[in-house]
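As structure tokens, the structure follows; a few thoughts come after it.
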Amino acid sequence: MKLARLSAVFLFFIISGCAMSIPQAKNFAPTSQKKAMAAQHWGMIATDAVDQTRLAIAKQSTLNSSPLYVSDNGSTDFGRAFRKYMIAGLIDAGYTVSATKEGAIEVGYEAQV
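Heads up: the sequence shown runs through residues -21 to -1, 1 to 92, numbered per mature numbering (1 follows the signal peptide of the UniProt record, and there is no 0).
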């Protein structure tokens, strides 16, 4: 009797397991990624970098009066243009930008193009 009952329970689980549907895979929704195609776009990226730099400097009040030096990462056309946009943006934001590292806070950047 116990064997029959155990067999019936086992058979029930096997049948109910086969009746359940297999989870279906779903794809992620399509997304887009913006691509910098013109020098104007490089300027927009530099403007954002200047804003992020301003926020970082504002968190440390001892850095507010120090001149800034934008490091030269001019191995590509983008790097050279980006540095110029960064310098112009920092000057427009009211920062003193130095042509040399000595006595200045170095602002560095890295880009993968």
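Beta carbons: idealized from backbone N, C-alpha and C, even for Gly.
Computed from a prediction, not measured in an experiment: that's the story for all the values here.
query = Where residue 63 and residue 8 are concerned, what is the direct C-alpha to C-alpha distance, given to the nearest angstrom?
reply = In the sequence shown, counting from the first residue as 1, residue 63 sits at position 84. In the sequence shown, counting from the first residue as 1, residue 8 sits at position 29. Going from the Cα of residue 63 to the Cα of residue 8 covers about 38 Å.
ask   = Starting from residue 29 and walking both ways along the alpha helix (DSSP H), at which residues does that stretch end?
value = Within the sequence shown, the letter at position 50 stands for residue 29. 18 to 37 is the span of the alpha helix (DSSP H), which, as asked, contains residue 29.
ask   = Who are the Cβ neighbours of residue 29 in its own chain at under 7 Å, not counting the five residues just before and after it?
value = Looking up residue 29 in the sequence shown gives position 50. Cβ within range, chain order: 65, 68, 69 and 72.
key: Backbone secondary structure at residue 64 - three-state DSSP   = Start at 1 with the first residue of the sequence shown, and residue 64 comes out as number 85. Residue 64: helix per DSSP, three-state reduction.
query = Does the count of Cβ pairs from the region 73 to 85 and the region 45 to 59 closer than 8 Å reach three?
reply = They touch, by the three-pair rule.
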